[in-house]
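Reviewing the structure listed below.
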Amino acid sequence: MLKYKIILLGLLLMATQAFAFGRVFGADCAGHFADAAAPEIISKKLQAQTRELCFEGFAVLHSGVSRTPLWSAEFLTAPRMGQARMMKRKNTYHEEKQLPFWQRAELEDYVRSGFDRGHLAPSGDMTTDQAQHESFSLANIIPQDRKNNQILWEGIEYSTRELSFERGALYVITGPIFEGESLQRLNGRVLVPSHIFKAIYDPARGEAGAYVAANQAGLHYQVVSIDTLEKRIGIRLFPRMRADIKATAMQLPLPQPYKYRNRGKTMPGPGKIHP
730 MLKYKIILLG LLLMATQAFA FGRVFGADCA GHFADAAAPE IISKKLQAQT RELCFEGFAV
790 LHSGVSRTPL WSAEFLTAPR MGQARMMKRK NTYHEEKQLP FWQRAELEDY VRSGFDRGHL
850 APSGDMTTDQ AQHESFSLAN IIPQDRKNNQ ILWEGIEYST RELSFERGAL YVITGPIFEG
910 ESLQRLNGRV LVPSHIFKAI YDPARGEAGA YVAANQAGLH YQVVSIDTLE KRIGIRLFPR
970 MRADIKATAM QLPLPQPYKY RNRGKTMPGP GKIHP
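Put into structure tokens, the structure is as follows:
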């Protein structure tokens, strides 16, 4: 009888933790995903200590191993981006209290690290004060090379927003890639990604593709198919996407970093490189 009570208590505790830490996406979060299907982890190396978090403007799968998100998913529409343009940025970086402290990044991890606190779901995509505040959660942040964050990646984020205006609606998933045998950890805790990706899906036209860039200074990036990216990262980003859409990379716009577009110029080449 005592053994039964202990087992029951353990199951109840697990259920309570699952609810408290958002391990299961609710119906109210399904709108962030194409066909209401969240990305699926294929690689066993990525499956440990993952927790699903749903926010107003995006959804995240967080890893307690890397202490970063593994992906962040958004549904961008032309009206949403119109609203987002009206928002004033407030840098409210904060620890994610939904996560246990031993699995989450802390603000002090980034102090004097030399890395920016780089958003996956950009604050510039958010339409309300609450959504913008949530985008500054460290559950949505990776250690990002400063020049990469402020130049090339900012240009990719801008061009993605502009594409959503042009196309009307896009599903976007952004995430880190961890490759190599000697990856750095901030403060011995937060894993620094080697690369970053942004996958884009236009459901109306049946087109998809992804930007991939090394987490370092420079203007070089790749445009690859979803199939190529999924095999590389071990995550099925769009579980219900047709195979033919996954196999062909759509033509993605040239990144338009602020330092160039503000002067009426385009980003200099070569920029895009072949996989």
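Convert by adding 729 to the 1-based position in the sequence shown; the result is the number in my numbering. Every residue gets a Cβ at the ideal spot worked out from N, C-alpha and C, and that includes glycine. Note that the structure is predicted; figures quoted are calculated from it, not measured.
Beta-carbon gap between residue i and residue j smaller than 9 Å
{"i": "Leu-892", "j": "Pro-982", "result": "yes"}
{"i": "Asn-869", "j": "Pro-798", "result": "yes"}
{"i": "Gly-786", "j": "Thr-889", "result": "no"}
{"i": "Ile-974", "j": "Ile-955", "result": "yes"}
{"i": "Ala-788", "j": "Ala-756", "result": "no"}
{"i": "Gly-853", "j": "Ala-813", "result": "yes"}
{"i": "Ile-964", "j": "Gly-847", "result": "no"}
{"i": "Val-952", "j": "Gly-938", "result": "yes"}
{"i": "Phe-830", "j": "Gln-873", "result": "no"}
{"i": "Ala-898", "j": "Ala-978", "result": "no"}
{"i": "Met-996", "j": "Asp-764", "result": "no"}
{"i": "His-862", "j": "Thr-903", "result": "no"}
{"i": "Leu-966", "j": "Trp-800", "result": "yes"}
{"i": "Phe-702", "j": "Ala-860", "result": "Since the first residue of the chain shown is 730 and the last is 1004, residue 702 is not available in this structure."}
{"i": "Glu-886", "j": "Lys-819", "result": "no"}
Rounded Cβ spacing between residue i and residue j (contact assumed at less than 8 Å)
{"i": "Tyr-900", "j": "Tyr-940", "result": "At roughly 15 Å, the Cβ-Cβ gap does not stay under 8 Å, so Tyr-900 and Tyr-940 are not in contact."}
{"i": "Phe-907", "j": "Leu-920", "result": "6 Å"}
{"i": "Arg-1005", "j": "Ala-933", "result": "The chain is shown only over 730 to 1004; residue 1005 falls outside these bounds and no answer can be derived."}
{"i": "Gly-884", "j": "Gln-985", "result": "5 Å"}
{"i": "Leu-790", "j": "Glu-781", "result": "6 Å"}
{"i": "Phe-865", "j": "His-823", "result": "6 Å"}
{"i": "Ala-946", "j": "Lys-876", "result": "4 Å"}
Strand pairing of residue i, partner residues [DSSP]
{"i": "Ala-924", "result": "Checking the sequence shown, residue 924 turns out to be His, not Ala. The partner list for His-924 (beta bridge, DSSP) reads Ile-906, Ala-943."}
{"i": "Cys-758", "result": "Answer is none; Cys-758 lacks a bridge partner."}
{"i": "Tyr-887", "result": "Tyr-887 pairs with nothing; no bridge assigned."}
{"i": "Gln-776", "result": "Bridge partners of Gln-776: none, in fact."}
{"i": "Arg-914", "result": "Leu-920"}
{"i": "Glu-769", "result": "Arg-965"}
{"i": "Gln-873", "result": "Asp-845"}
Which runs of the alpha helix (DSSP H) spanning at least 4 residues fall entirely within the region 936–1002, listed in chain order?
If we require 4 residues or more, the alpha helix (DSSP H) runs fully inside the region 936–1002 come out as 955–962, 972–976, 987–990.
For the region 791–806 and the region 822–841, state whether three or more C-beta atom pairs, one from each stretch, are separated by less than 8 Å.
At 8 Å Cβ cutoff, the stretches touch.
In chain order, which continuous runs of the alpha helix (DSSP H) of length 4 or greater are located wholly inside the region 790–871?
Runs found: 807–813, 836–839, 858–864.
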